[in-house]
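Quick notes on the structure that follows.
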Amino acid sequence: MNEHTAEPASSGQESSRSRRSLLAAGAIGAAGLAAVPLTARTAAANTQNPPAPATGRANPDGRFAGKVVLITGATSGIGQATAYEIAREGARVVFCGRRAELGRRHEREIRGFGGDALYVRADVTRESDVRALVEACVRRHGRIDIAFNNAGIESPRSAPLHEQTLGDFEQVWRTNTAGTFLSMKYEIPHMLRRERGVIINTASISAEVGFATIAPYNASKHGVASLTKVAALEYAARNIRVNALAPGAVDTPMLRRAAEAFGMTYEQIAQDYPIRRIVQPQEMARVVMFLASDDATAVLGTDIDASGGYLTG
Numbered sequence: 127m128n129e130h131t132a133e134p135a136s137s138g139q140e141s142s143r144s145r146r147s148l149l150a151a152g153a154i155g156a157a158g159l160a161a162v163p164l165t166a167r168t169a170a171a172n173t174q175n176p177p178a179p180a181t182g183r184a185n186p187d188g189r190f191a192g193k194v195v196l197i198t199g200a201t202s203g204i205g206q207a208t209a210y211e212i213a214r215e216g217a218r219v220v221f222c223g224r225r226a227e228l229g230r231r232h233e234r235e236i237r238g239f240g241g242d243a244l245y246v247r248a249d250v251t252r253e254s255d256v257r258a259l260v261e262a263c264v265r266r267h268g269r270i271d272i273a274f275n276n277a278g279i280e281s282p283r284s285a286p287l288h289e290q291t292l293g294d295f296e297q298v299w300r301t302n303t304a305g306t307f308l309s310m311k312y313e314i315p316h317m318l319r320r321e322r323g324v325i326i327n328t329a330s331i332s333a334e335v336g337f338a339t340i341a342p343y344n345a346s347k348h349g350v351a352s353l354t355k356v357a358a359l360e361y362a363a364r365n366i367r368v369n370a371l372a373p374g375a376v377d378t379p380m381l382r383r384a385a386e387a388f389g390m391t392y393e394q395i396a397q398d399y400p401i402r403r404i405v406q407p408q409e410m411a412r413v414v415m416f417l418a419s420d421d422a423t424a425v426l427g428t429d430i431d432a433s434g435g436y437l438t439g
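With the numbering used here applied, the sequence shown covers 127 to 439.
Here it is, written out as structure tokens:
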């Protein structure tokens, strides 16, 4: 993933605009910002405290016992949290990411608490990698029950649209939008053979609203939301449900990079959210698990606001 290169804003108007860009840019990605005071991370002024990560041994009879789950972009952030949480609930997880050392470490840790996990190095911008990832999952488990297409990057820099380059745009688009397209392209045929399956794509609050200075990211996430709606319509009658997740500011490496670039604390960022705190990756994982479960059989084609209320007003 690329670092943000924008300088902190100087005027009040620019600061507000930069903050809104930061909120969108931090929507994906799992570690916290060490320099931020603990109170800024855990404050919950008007909502419940965020849940702690699940611990203990995996439950072979859990909510997702025996389900085969494919996750892209799971070496950090929301993807990593989801891999751990759903594996503890009995799922058999196959996940990818570009950072092999991290991927192998997460695979060992999931297996260490009794989970079933396989890491496959893959870059979702490469069609051959996506095809190989899906084939590895099917070769190992015979099917795909649930796919969480989460791989994504932020805009390489914050700048007005006319200062963005085609390279900036293509870089983000290829990962966030084309990567989601390719993932569904190769996942769906295996689901069609069994006439069942669930797909969740990671979109963003910037799939629903515009944010100045991050046009490549904003456009890419609108694309993810659009692909989600199209796929939901095309495959609903074949018992395949497709939905998207719209995070806001989540405590991930992506948000850390953005906060450092803009010179902001988590406490400052949280003021734009009704819950007045930064959402934790485990909270996103549990929304994904809801959408993947039989509790959500009537939900399809939606981009679920999981931001902590940012889109409510």
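Beta carbons are placed, not taken as given, at the ideal position from N, Cα and C, and that holds for glycine. None of these values were measured; they are calculated from a predicted model.
- DSSP places A243 in the strand class (E or B) of the three-state scheme.
- Here I404 is not near L437, since their CB atoms are 9 angstroms or more apart.
- Distance from the CA of A258 to the CA of A248, rounded to the nearest whole angstrom, comes to 8 angstroms.
- Ranked by Cα distance from R300, the first of A422, R252, I270 is R252.
- In this chain, the alpha helix (DSSP H) harbouring I314 covers 305-320.
- Listed in chain order, the beta strand (DSSP E) runs fully inside the stretch 377-436 are 429-431, counting runs of at least 3 residues.
- Comparing C-alpha distances from G238 to each of I326, N185, I366 shows the shortest one belongs to N185.
- Comparing C-alpha distances from N175 to each of S202, I430, E409 shows the shortest one belongs to E409.
- Judged by DSSP in its simplified three-state form, R218 adopts strand.
- The continuous stretches of alpha helix (DSSP H) do not include F274, which lies in the beta strand (DSSP E) extending over residues 272-275.
- The C-alpha of D271 is placed about 21 angstroms away from the C-alpha of T201.
- Boundaries of the alpha helix (DSSP H) harbouring G229: 226-238, taken from the DSSP string.
- Taking every protein chain shown into account, the CB of R265 has fewer than 16 other CB atoms within 10 angstroms, so this residue is exposed.
- For the set A209, E280, V250, the Cα lying nearest the Cα of R234 is the one of A209.
- Taking 8 angstroms as the upper bound for CB-CB distance, S284 and T339 are in contact here, some 4 angstroms apart.
- Under DSSP, N327 forms a beta bridge with N275, A370.
- Taking C-beta separations shorter than 8 angstroms and ignoring five residues to either side along the sequence, the partners of H267 in its chain run V194, R218, V220, following chain order.
- Collapsing the DSSP output to three states places G349 in a helix.
- Across the set T378, D420, A372, the C-alpha of A372 shows the shortest separation from the C-alpha of A432.
- Of all C-beta pairs linking the stretch 337-352 to the stretch 380-398, fewer than three are shorter than 8 angstroms, placing the two stretches out of contact.
- By the Cβ-count criterion, G216 is buried, with 16 or more other Cβ atoms from all chains shown falling within 10 Å of its own Cβ.
- Straight-line spacing of the CA atoms in I279 and R367 works out to 25 angstroms.
- The C-alpha of V250 lies about 5 angstroms from the C-alpha of G305.
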